[in-house]
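This report refers to the structure that appears directly beneath it.
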Amino acid sequence: MVVLSAARWLRSRLTDRFWRVQEVLRYARHFRGRRNRCYKLAVRSVRRAFVRSTKARREKKRFLRSLWITRIEAASLEHGLKYPAFISNLIKSQVELNRKVLADLAIYEPKTFKSLAALAQRRRHEGFLAALGDGKEPEGIFSRIVHHH
Amino acid sequence: VAKTSLTSPPWPEVPKLPDPMEEAKYHAEVVQRVNGMISSGRYGRLFAVVHFASKQWKVTSEDLIMMDNVLEAECGDRIRLEKVLLVGADDFTLIGRPLLGKDLVCVEATVIEKTESWPKIHMRFWKRHNYQRKKIIRNPQTVLRINTIELYPCLS
Chain A
1 MVVLSAARWL RSRLTDRFWR VQEVLRYARH FRGRRNRCYK LAVRSVRRAF
51 VRSTKARREK KRFLRSLWIT RIEAASLEHG LKYPAFISNL IKSQVELNRK
101 VLADLAIYEP KTFKSLAALA QRRRHEGFLA ALGDGKEPEG IFSRIVHHH
Chain B
1 VAKTSLTSPP WPEVPKLPDP MEEAKYHAEV VQRVNGMISS GRYGRLFAVV
51 HFASKQWKVT SEDLIMMDNV LEAECGDRIR LEKVLLVGAD DFTLIGRPLL
101 GKDLVCVEAT VIEKTESWPK IHMRFWKRHN YQRKKIIRNP QTVLRINTIE
151 LYPCLS
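Protein chains in written order, with UniProt numbering: chain A, 1 to 149; chain B, 1 to 156.
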């Protein structure tokens, strides 16, 4: 005889619920409170943790750059230069080192960083001299500086 | 005459640059000394700043570098890293503007390993909108070991 539907004792039961729950709980084992044990709370915490880690991967680049800039600023102040003067004069002398490498040099190669600071200082003075010109007073009646003696 | 706010210009006093003839003599002497040091081999460990895979690396000999991309070279191939920005030893540094010449420095590396990164999880979630997407990203990675950094005495 032809049977169209399956018998009543053949059921489709979920048998690997334990492993599906463990997939989520293994990411929550280091959390605080009941969030590391109870699935309902853990699901929410793990989801927020994943989203926060994806967003943090973009912020990490910004954070590291500002850290490098702080370190370079501290090192250049030890040599008597401010950070904007240091960086702008290095770029004008065609030295294309990025901030990560400059921070590493400031930490591990102090002599090299000192020579870079001296290079930037020299380029800065040359720039000032080029901008100031001869040092003579300008011609014209109203742009001459009046000396009172 | 009393000093007021307008007696001296507001920019700082610029010291005079040294005489160009004396400077040229001093530069030639320094270049000769550094050439002598390089040719006699009186330097210790060299470090170099290399531009590779759109990043700059501060590199010494026998150290490992890992980059987040694929190199078209088999494992065990020797590679020469051109684009050297800076080379330094204990007593002298050679700063390139922006690159140093290929006949001056030679940085050799070997490809050790080509793997994938650890599975990073990329998750997006909007609250109250029943929207969540989870993706596992594995980036290909290459590991290089820097073998040697060599200097040749061809400064001018």
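All residues carry an ideal CB built from backbone N, CA and C; glycine is no exception. A quick note: this is a predicted structure, and the numbers were derived from the prediction, not measured.
Start-to-end residues for the alpha helix (DSSP H) that takes in residue i
i, result
"Met37(B)", "20–40"
"Val21(A)", "17–25"
Option nearest residue i by Cα separation, candidates the options
i, options, result
"Asn147(B)", "Ile112(B), Phe92(B), Val1(B)", "Ile112(B)"
"Gln132(B)", "Lys114(A), Pro110(A), Arg48(A), Leu67(A)", "Arg48(A)"
"Lys100(A)", "Ala7(A), Cys38(A), Arg71(A)", "Arg71(A)"
"Asp68(B)", "Tyr43(B), Leu100(B), Ile137(B)", "Ile137(B)"
"His122(B)", "Glu73(A), Val46(A), Ala120(A), Val146(A)", "Val46(A)"
"Ser117(B)", "Pro140(B), Lys135(B), Ala89(B)", "Pro140(B)"
"Val59(B)", "Lys114(B), Tyr43(B), Leu86(B)", "Leu86(B)"
"Glu150(B)", "Thr4(B), Glu74(B), Leu100(B)", "Leu100(B)"
"residue 195(B)", "Val24(A), Leu97(A), Arg123(A), Arg52(A)", "This structure does not reach residue 195(B), given that chain B is present from 1 up to 156, and the question cannot be answered."
"Lys114(B)", "Leu155(B), Val70(B), Ala89(B)", "Val70(B)"
"Glu72(B)", "Trp57(B), Thr142(B), Ser40(B)", "Thr142(B)"
"Arg78(B)", "Leu144(B), Pro9(B), Arg97(B)", "Leu144(B)"
"Pro119(B)", "Tyr43(B), Lys134(B), Glu74(B)", "Lys134(B)"
"Ser93(A)", "Pro84(A), Asp104(A), Leu119(A), Lys114(A)", "Leu119(A)"
"Phe18(A)", "Arg35(A), Ser12(A), Leu90(A), Tyr39(A)", "Tyr39(A)"
"Glu76(B)", "Thr110(B), Arg124(B), Val31(B), Val30(B)", "Checking the sequence shown, residue 76(B) turns out to be Gly, not Glu. Gly76(B) has its Cα closest to that of Thr110(B), out of Thr110(B), Arg124(B), Val31(B), Val30(B)."
"Asp90(B)", "Pro9(B), Arg45(B), Leu64(B)", "Arg45(B)"
"Ala42(A)", "Arg20(A), Trp9(A), Met1(A)", "Arg20(A)"
"Leu94(B)", "Ser5(B), Tyr152(B), Tyr26(B)", "Tyr152(B)"
"Cys154(B)", "Ala24(B), Glu22(B), Val31(B), Gly88(B)", "Val31(B)"
"Arg97(B)", "Leu116(A), Tyr83(A), Pro84(A)", "Leu116(A)"
Limits of the beta strand (DSSP E) - the one that residue i falls within
i, result
"Phe47(B)", "47–52"
Closer than 9 Å to chain D by CB, residue i
i, result
"Leu132(A)", "No chain D is part of this structure, whose protein chains are labelled A and B."
Open item on the list: Taking 8 Å as the cut-off, does the region 34–54 of chain B touch the region 76–87 of chain B (at least 3 CB pairs, one atom from each stretch)?
Closed with: yes
TODO: Return the residues of the region 96–108 of chain B that lie within a Cβ-Cβ distance of less than 9 Å from chain A, sorted by chain order.
DONE: Gly96, Arg97, Pro98, Leu99
Open item on the list: I'd like the ranges of any alpha helix (DSSP H) spanning at least 4 consecutive residues and lying wholly in the region 36–116 of chain A.
Closed with: 39–78, 83–92, 99–108
Open item on the list: Which complete alpha helix (DSSP H) runs does the region 61–140 of chain B hold, if anything under 4 residues is left out?
Closed with: none
Open item on the list: I'd like to know if the region 77–86 of chain A and the region 98–117 of chain A are in contact, where contact means that at least 3 CB-CB pairs between them fall below 8 Å.
Closed with: yes
Open item on the list: Closer than 8 Å is the cut-off here; do at least three beta carbon pairs connect the region 28–37 of chain A with the region 62–76 of chain A?
Closed with: no
TODO: Decide yes or no for the touch test of the region 114–130 of chain A against the region 6–26 of chain B: beta carbon pairs closer than 8 Å, at least 3 of them.
DONE: yes
- [ ] For the region 25–36 of chain B and the region 104–121 of chain B, state whether three or more C-beta atom pairs, one from each stretch, are separated by less than 8 Å.
- [x] no
- [ ] Scan the region 95–117 of chain A for residues whose Cβ lies nearer than 9 Å to a Cβ of chain B and list them as they occur along the chain.
- [x] Val95, Glu96, Leu97, Asn98, Lys100, Val101, Asp104, Leu105, Tyr108, Glu109, Lys111, Thr112, Ser115, Leu116
- [ ] Output, in sequence order along the chain, the residues in the region 42–67 of chain B whose CB is closer than 9 Å to any CB in chain A.
- [x] Phe47, Val49, His51, Lys55, Gln56, Trp57, Lys58
Open item on the list: Under 8 Å, CB to CB, which of the residues in the region 12–24 of chain A have a partner in chain B?
Closed with: none
- [ ] Residues of the region 5–19 of chain B with a CB closer than 8 Å to any CB of chain A: list them in chain order, please.
- [x] Trp11, Val14, Pro15, Leu17
Open item on the list: Can you pull out the residues from the region 33–50 of chain A whose beta carbon lies closer than 7 Å to at least one beta carbon of chain B?
Closed with: Arg47, Phe50
- [ ] Below 9 Å between beta carbons is the criterion; list the residues of the region 54–78 of chain A that meet it against any residue of chain B, in chain order.
- [x] Thr54, Arg57
- [ ] Would you list, in chain order, the members of the region 107–140 of chain B that have their beta-carbon closer than 9 Å to a beta-carbon of chain A?
- [x] Lys120, Ile121, His122, Met123, Arg124, Phe125, Gln132, Lys134
Task: Contact residues within the region 76–96 of chain B, judged by C-beta distance below 7 Å to chain A - done: Leu85, Leu86, Gly88, Thr93, Ile95
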